[in-house]
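S.K.: One structure, as structure tokens, below. Some questions next.
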Amino acid sequence: MSERKLTIEQKRLDADLWIILIATLAVLGIYTAFQSQFSSMVKNENIHILLRTLIAAVCQFSLAGLGISIVAIYRKESFYSYGLRLKGAIKSIALCVVCFVPYIIFSAATNRITSYMPFQSVWMTKEALASGFPVNIIAMLLIAAAWGFFEAFNYVVISDKINKRYPSKYKLLNWGAIVCAVMCILIHGMIGVTLEGLVEMLTVVIIIYGMLMVKEMTGNAWGCIFIFIFLWNAF
């Protein structure tokens, strides 16, 4: 049987995915090697909060954002082509919020919800908010960009490229969303080994798979970004 030749577009998508993977793994390797020093620096209150936030945000962006940015610059792609548009934004946001409801119910049922504040699980958030103007505004914008916009948009771009490279014949089967859901579970250490852990993992899969399916259906990515800015680290 002769091997089917890849098209130019398929080769381009393969290259893009490899660039994203290599960039991410390289940064992850550096972060792992210097994790203790990084943690000490970020938690050191003798260093100005804005500098610490900037360092942490750059690291976060490098893990989830640098790869897709390199590809976008190299390919001269616009982020707007991945669904950053006003048309369908409200519908996208509403449907993505619905995907987050099972996680909220799970968190409430397991008494994990004590308060609501966007990015409260990010180390610098509370200290940044307690800082005076304009430091608090600048710090929160950095946090929102790194842990909100780029973390969400990273999934959007990766999913889009996987789906173009490996298109599914079935409307509800989304290979890109599946890969991104697995990525999220592995990155955040949410592999369930207990019943509670399995339920949590399932709710996270619903969030990631659901929001990326919403993006596919609406052609709008703002719902994904809304999730990561206002809900993901907020409870």
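The number in my numbering is simply the position in the sequence shown, starting from 1, with 949 added.
In this text, a Cβ means the ideal position worked out from N, Cα and C, and glycines have one as well.
Using the Cα positions of residue 999 and residue 1059, report the straight-line distance between them to the nearest angstrom.
M.R.: Start at 1 with the first residue of the sequence shown, and residue 999 comes out as number 50. Start at 1 with the first residue of the sequence shown, and residue 1059 comes out as number 110. Their Cα atoms are separated by approximately 35 Å.
S.K.: Mind the definition here: the region 1144-1158 touches the region 1019-1029 only if three or more C-beta pairs lie below 8 Å; say whether that holds.
M.R.: Segments in contact, no.
S.K.: Taking a contact to mean a Cβ-Cβ separation below 8 Å, would you say residue 1101 touches residue 1039 in this structure?
M.R.: Sequence index remark: in the sequence shown, residue 1101 carries index 152 (1-based). Sequence index remark: in the sequence shown, residue 1039 carries index 90 (1-based). Contact: no.
S.K.: Cβ atoms of residue 1126 and residue 1162: under 8 Å apart, would you say?
M.R.: The residue given as residue 1162 occupies position 213 in the sequence shown. The residue given as residue 1126 occupies position 177 in the sequence shown. The answer is yes: Cβ separation under 8 Å.
S.K.: My assumption, with CB atoms under 8 Å, is that residue 1134 sits in contact with residue 1052. Please give the rounded CB distance.
M.R.: On the sequence shown, residue 1134 is found 185 positions in, with the first residue counted as 1. On the sequence shown, residue 1052 is found 103 positions in, with the first residue counted as 1. The Cβ separation is near 13 Å, so there is no contact.
S.K.: Between which residues of its own chain and residue 1002 is the CB-CB distance below 7 Å, once the five residues before and five after are set aside?
M.R.: Translated into positions along the sequence shown, residue 1002 becomes position 53. Contacts found: 1073, 1077, 1088, 1091, 1092.
S.K.: With DSSP run on the structure shown, which of helix, strand or coil describes residue 1171?
M.R.: Sequence index remark: in the sequence shown, residue 1171 carries index 222 (1-based). If DSSP states are grouped into helix, strand and coil, residue 1171 belongs with the helices.
S.K.: Does the beta-carbon of residue 975 have 16 or more other beta-carbons within 10 angstroms, so that it is buried, or is it exposed?
M.R.: Taking the sequence shown and counting its residues from 1, one reaches residue 975 at position 26. Residue 975 comes out exposed.
S.K.: Using CA atoms only, rank isn't needed, just tell me which of 1130, 954, 1096 is closest to residue 1010.
M.R.: Working through the sequence shown from its first residue, we reach residue 1010 at position 61. The residue with the shortest Cα to Cα distance from residue 1010 is 1096.
S.K.: Going by DSSP in three states, residue 1184 sits in which element: helix, strand or coil?
M.R.: The count along the sequence shown starts at 1 and reaches residue 1184 at position 235. Residue 1184 falls in the coil class under three-state DSSP.
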